[in-house]
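This report refers to the structure that appears directly beneath it.
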Amino acid sequence: MPTIVIQPSAKDASLESGYPTTNTGSDKNLWIGRYFIGFSGNSVYRALVQFDVSSIPAGSTVTNAILRLYIGLVTNSSIAANITPYLVTEVWDENTVTWNTAPAVNMSVFGTISAVTGPGWYEWNITNIVNGWVNGVYANNGVMLRTSETQNFETKNFFSREESVNLSLRPMLITSYEVSILVSLNDRRFAKTKTTYTTYDMMNFTNVNSSSAYSMMTYFVNNTGANPALLQLQISPGDDVWLNDGDSIVIQPGETKALVPFIYSQYTRLSYKNTNPGNSTTITVWYEAQV
1 MPTIVIQPSA
11 KDASLESGYP
21 TTNTGSDKNL
31 WIGRYFIGFS
41 GNSVYRALVQ
51 FDVSSIPAGS
61 TVTNAILRLY
71 IGLVTNSSIA
81 ANITPYLVTE
91 VWDENTVTWN
101 TAPAVNMSVF
111 GTISAVTGPG
121 WYEWNITNIV
131 NGWVNGVYAN
141 NGVMLRTSET
151 QNFETKNFFS
161 REESVNLSLR
171 PMLITSYEVS
181 ILVSLNDRRF
191 AKTKTTYTTY
201 DMMNFTNVNS
211 SSAYSMMTYF
221 VNNTGANPAL
231 LQLQISPGDD
241 VWLNDGDSIV
251 IQPGETKALV
261 PFIYSQYTRL
271 SYKNTNPGNS
281 TTITVWYEAQ
291 V
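Residue numbers (UniProt numbering): 1 to 291.
Structure follows, in structure tokens:
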């Protein structure tokens, strides 16, 4: 399974509410989080990061995509900043974007959350987002990193693509992918992928699959871990709304189940999470589709 390291980012910038018309696209260090909100001021930072993923072959299934940022400065290491990357849905210019001109964000499409405290490398899993970019489900306008913005002095600073002293500290995206294989059998064609996921307390999602070229599809799921997991098949006519298809199911350790859509739609995926908080498991998902 090929792995590609993309470094640095194609563009990045911070947005600050306290200076809503200031552009930071050329800064070597960019901020995320809430610095201070009170009677004397209002200062919240959000960061935009975009990578060029054209080196990943079109039609591939991205099985893992990890965004890595090096945090160099923090306002208060005892205050954790819970940072989440969200899908950006509009084009933005690194050299002109400001708080007032920030691009729109889809808050329902996001990566994992990382609790950032002191300096060092931190990671976010954005597999669903990158897979959508590669397969044309989402336009690649990058991600916006932000916190819940409820805690003063949580701000953290990361090295941008403009870092010129230690180039290894610039933003990077590490991706693994596999190419879908079409198999001919009695004049029928099948597309098949296999991916392993780890469940969390928060609901996460498998890669998005387009069914526009297929008439039948099935998800097979095997629980290879030690705890049960909750699964739900979801369908979508596009990239802006998802509906649950059928009832959610619980899959026990060692169990394998099949899920088939009741309603035909262009896009499908599975949502998954822990059934019991703190008790994660691993699931292997096969997606099979027939022309």
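Glycine included, C-beta positions come from ideal geometry on N, C-alpha and C.
These numbers were taken from a predicted model, which means no experiment stands behind them.
With 8 Å as the threshold, decide whether the Cβ of Q266 is near any Cβ in chain B.
Absent from the structure: chain B. Only one protein chain is present.
Between which two residues does the alpha helix (DSSP H) carrying G132 extend?
127–134 is the extent of the alpha helix (DSSP H) around G132.
Please name the residue or residues paired with S176 in a DSSP beta bridge.
Answer is T3, N64.
Measure from the alpha carbon of P277 to the alpha carbon of each residue in D201, N227, S248, then state which is nearest.
Nearest of D201, N227, S248 to P277, Cα basis: D201.
So, with DSSP's three-state summary, where would you put S236?
Strand, per DSSP.
Please state if the CB of N125 and the CB of P66 are separated by a distance shorter than 8 Å.
The sequence given here has Ile at residue 66, not Pro. Yes. Within cutoff.
Span of the beta strand (DSSP E), counted from its first residue to its last, around W286
Start and end: 282–290.
Delimiting residues of the beta strand (DSSP E) encompassing D12:
From DSSP, the beta strand (DSSP E) with D12 extends over 11–16.
Boundaries of the beta strand (DSSP E) in which L87 is found, first to last residue
Residues 81–88.
Given that a residue counts as buried once 16 or more other Cβ atoms are within 10 Å of its Cβ, and exposed if not, what is E90?
Label assigned to E90: exposed.
Return helix, strand or coil for S26, following the three-state DSSP convention.
It is coil, neither helix nor strand.
With distances taken between CB atoms, is the gap from V165 to V53 smaller than 8 Å?
No, they are not a contact pair.
Suppose the cutoff is 6 Å on Cβ atoms and the five residues either side in sequence are ignored; what does the same chain contact list for A13 look like?
Scanning its chain for C-beta atoms nearer than 6 Å, with the 5 sequence neighbours on each side dropped, one finds around A13 the residues T24, G25, L48, E94, V97, in chain order.
Is V221 closer than 8 Å to residue 330 when the C-beta atoms are compared?
With the chain represented from 1 up to 291, any question about residue 330 goes unanswered, as that position is not in the structure.
Pick from I56, W99, W286: whose alpha carbon is nearest that of K194?
The alpha carbon of K194 has as its nearest neighbour, out of I56, W99, W286, the alpha carbon of W286.
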